[in-house]
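Data first, discussion second: the structure below is written as structure tokens.
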Amino acid sequence: MKIIPIIFSLSVLFTTIACSQDQQKKAIEKTKYPGSKTDEEWKKQLSKEAYSILVKRGTERPYQNPYWDNHKKGFYLSAATGDTLFTSETKFESGTGWPSFYKPYNEKAVKVVSDESLGMVRVEVVESKTGLHLGHVFDDGPKPTGKRYCMNSYAMKFVPAK
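Under mature numbering (1 follows the signal peptide of the UniProt record, and there is no 0), the letters of the sequence shown match residues -20 to -1, 1 to 142, in that order.
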């Protein structure tokens, strides 16, 4: 009978440690990305598609998204913050079915981080302010940078040039 109080005490201890680590992780995220919000806050603010990509780090289907074949002049803004991320001037046809750019409009608006999901190592592109997922960057783009910023359309909003 002495084992039950011990098991109960251990479960309380592990729960407390887990909650403390979760709070610590959220505090680190807030410091690292000052514009971060809770999942619930993002869910209220974003469309279903944008939430799935930006917050849940999803990927839309190739050739079945709003901007892969957009040839209009303008700017691609964050669906979450409204910050300008890319411009039509650096957009190119990559043949992948996603909008691709050879460089960001504002280098400070995006950040690259390591993505080790799905059993591979890739370079993920996130928003600098929020840490939200935008897409990935690869080293097979055109000159002058040689980069291909392969972005998710639903992570952005297009604003035509005036």
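Think of the CB as a built atom: it goes at the ideal place given N, C-alpha and C, for glycine as much as any other residue. This structure is a prediction, so every number in the text was calculated from the model and none was measured.
Worksheet entry | Any non-hydrogen atom of the ligand ZN closer than 7 Å to Gly38 Cβ | Ligands in the displayed structure: none, and consequently the ligand ZN is not present.
Item to complete: Identify whether Gln4 lies in helix, strand or coil by the three-state DSSP scheme.
Response: Summary for Gln4: the model assigns pLDDT 39, below 50, so the residue's position carries little reliability, and this model does not support an answer.
Discussion item. So, under 8 Å CB-CB, Val101 and Val117 are touching, yes? Tell me the CB distance rounded to an integer number of Å.
Written reply: That pair is no contact at about 13 Å.
Practice prompt. Could you tell me which residues DSSP puts in a beta bridge with Asp95?
Written response: Arg102
Worksheet item: Nearest CA to the CA of Ser58: which residue from Gly99, Ser74, Leu114, Val35?
Response: Leu114
Practice prompt. Would you be able to state if there are at least three C-beta pairs under 8 Å between the region 64 to 80 and the region 124 to 138?
Written response: yes
Worksheet entry | Integer Cβ distance of Ser16 from Thr110, believed to fall under 8 Å | 5 Å
Worksheet entry | Spatial neighbours of Arg37 in its chain, beta-carbon cut-off 6 Å, leaving aside the 5 residues before and after | His113
Worksheet item: For the alpha helix (DSSP H) that contains Lys24, what are its first and last residues?
Response: 19 to 25
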